[in-house]
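Colleague:
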Amino acid sequence: MTDSSELTSRVHLVTATPWQQAVDCYFNPDDDVDIDDLRFGFPGRWDAGDLFVVVTTDSHTPAIIVVEESETDSDATRSHEHTYMGPFDFGLSIAAVEARLATTLPAEAATLAPKLGERLLQAIESEASDPTSWRELDERGCLADVADWPPHDSWAPCACCGRHSYDGVELEQHALADEHEQEFFGFGPLTVCMPCHDRLHRPLAPGADDVMFGFRPLCPSCSAMRTFRVIWGMPAGPPGPGTDIAGCVITSPFTPEYRCGECDYVWTDDDEAYRPLPPEDTDARVRARIDTAPPGVYRPFSRVTEPGRVIVGDYMARQVSSSSAWGPGVVHEL
Ligand SMILES: [Zn+2]
Ligand SMILES: [Zn+2]
Ligand SMILES: [Zn+2]
């Protein structure tokens, strides 16, 4: 950004809803994301060179997602912007920025007075480099809520990452705010480790169920994100949502570790459980692992193409080369 003491352009607040589609618009590299309902609310007039502070107003915690500079004025038939600051991973809390400014900002699209606009940019820069802890503001009232609850069960692992207190993490309780989270986990408090609790309180964090599934591999067969962990034998306590209890009898040639919630494909991450593909076999459905990208091959980060991911599909030997996702030595018979 330019030195804000020389700022001559005006600063406008621009709203973006629904917030999940704004997040997808700025952060999701997959080409099939649904942003059809994404709407931006602009102030009445602006000039080329003005700055838009884009705010998600319908998120649990209203948040700044990006600051953009407009290349066109409000009379242009098509607006063009480029990024000025951000985009900010998981958002910057508006309440935290307001606390730095010691004033409240308009809740709708608005053009700010020059002095306030300048101070806002400084506050955004400070908040981006040293974010205020959610525990200071407790915007969602989680700390106030959980103070009244009995302590969590000592055997319970973190509902998101699955770690226990004996793994060296401190566990605490989190109040679920969202209806779909309550449907998935139930209405009680959720036991989570401190790092996951911090993850859940980022202004533009996904729900606790999505944070949990984010720790799991994608389905190798259909790329679904909601994959269930399979637990064998008798666990110490109820396994919790997102987990299958499989009893003690293993019927497949390997011990399944995961089950896809969409297509029911079961697999283990352990390559040793599968036989390597005979070299003469050219027409088989196989299990493979996406290779790391060789130098010079551009592969933007996406969970679907992330290096090391297990995938299954039809094997075509002629397409396997050193630059292929299906690198040598990683193909297994299904
Ligand atoms: Zn955790
Ligand atoms: Zn919480
Ligand atoms: Zn699947």
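Each residue of the sequence shown is one higher than the one before, counting from 230 in the working numbering. A virtual CB, placed ideally from N, CA and C, is assigned to each residue, including glycine. Source: prediction; values computed, not measured.
1) Hey, which residues come within less than 6 Å of ligand 3, measuring from Cβ to any heavy atom, in chain order?
2) Look at residue 288 and residue 320 and say whether their C-beta atoms are less than 9 Å apart.
3) Nearest-angstrom Cα distance between residue 459 and residue 390?
4) Using the DSSP secondary-structure output, state which residues sit across from residue 270 in a beta bridge.
5) In this structure, does DSSP put residue 374 in helix, strand or coil?
6) Using alpha carbons as the reference points, say which of 388, 429, 421 and 425 lies closest to residue 407.
7) Tell me the start and end of each unbroken alpha helix (DSSP H) in the stretch 336-421 that is at least 4 residues and wholly inside, in chain order.
8) Leaving out five residues on either side along the sequence, give the residues of the same chain with a beta carbon under 7 Å from the beta carbon of residue 264.
9) Would you call the CB atoms of residue 540 and residue 481 closer than 9 Å?
10) So, with DSSP's three-state summary, where would you put residue 424?
11) To the nearest angstrom, how far is the alpha carbon of residue 266 from that of residue 358?
12) Using 8 Å for Cβ pairs, my map puts residue 270 next to residue 299. What's the rounded Cβ distance?
13) From residue 355 to residue 328, what does the alpha carbon distance come to, in whole angstroms?
14) With residue 443 as the anchor, note down where its alpha helix (DSSP H) starts and where it stops.
15) Using a Cβ-Cβ cutoff of less than 8 Å, which residues in the same chain neighbour residue 239 once the five nearest sequence positions on both sides are dropped?
16) Within a Cβ cutoff of 8 Å, which residues of the same chain sit near residue 495, ignoring the five residues on either side of it in sequence?
17) Going by CA-CA distance only, name the one from 318, 338 and 348 that's closest to residue 331.
18) Which of the three DSSP states, helix, strand or coil, is assigned to residue 256?
19) In chain order, which beta strand (DSSP E) runs of at least 3 residues are fully inside the stretch 457-506?
20) Would DSSP call residue 327 helix, strand or coil?
21) When burial is assigned at 16 or more other CB atoms within 10 Å of the CB, is residue 395 buried or exposed?
22) Let's see if you can read the secondary structure: which residues bound the beta strand (DSSP E) around residue 543?
23) Do you know offhand how far residue 420's Cα is from residue 437's?
24) Could you compute how far the alpha carbon of residue 441 sits from the alpha carbon of residue 422?
25) By Cβ distance, which residues of its chain are closer than 6 Å to residue 491, with the 5 residues on each side in sequence left out?
26) Whose CB is closer than 5 Å to a heavy atom of ligand 2? List the residues in chain order.
27) Between which residues of its own chain and residue 426 is the CB-CB distance below 7 Å, once the five residues before and five after are set aside?
28) Sort 246, 296, 520 and 290 by Cα distance to residue 371 and report the nearest one.
29) Which of the three DSSP states is assigned to residue 237 in this structure?
30) Would residue 352 pass as a contact of residue 294 if the rule is Cβ separation under 9 Å?
31) How many angstroms separate the CA atom of residue 386 from the CA atom of residue 416?
Modeller: Answer, in terms of the structure:
1) 448, 450, 451, 453, 489, 491, 492 and 494
2) yes
3) 14 Å
4) 244
5) helix
6) 429
7) 343-358, 363-366, 371-375 and 408-414
8) 250, 253 and 254
9) no
10) helix
11) 31 Å
12) Not quite, the Cβ-Cβ distance comes to about 15 Å (not below 8 Å), so this is no contact.
13) 12 Å
14) 437-443
15) 275, 276, 279, 280, 340, 341, 343 and 346
16) 459, 481, 485, 487, 488 and 489
17) 348
18) helix
19) 472-474 and 487-489
20) helix
21) exposed
22) 539-543
23) 11 Å
24) 12 Å
25) 451 and 453
26) 371 and 403
27) 401 and 403
28) 290
29) coil
30) no
31) 17 Å
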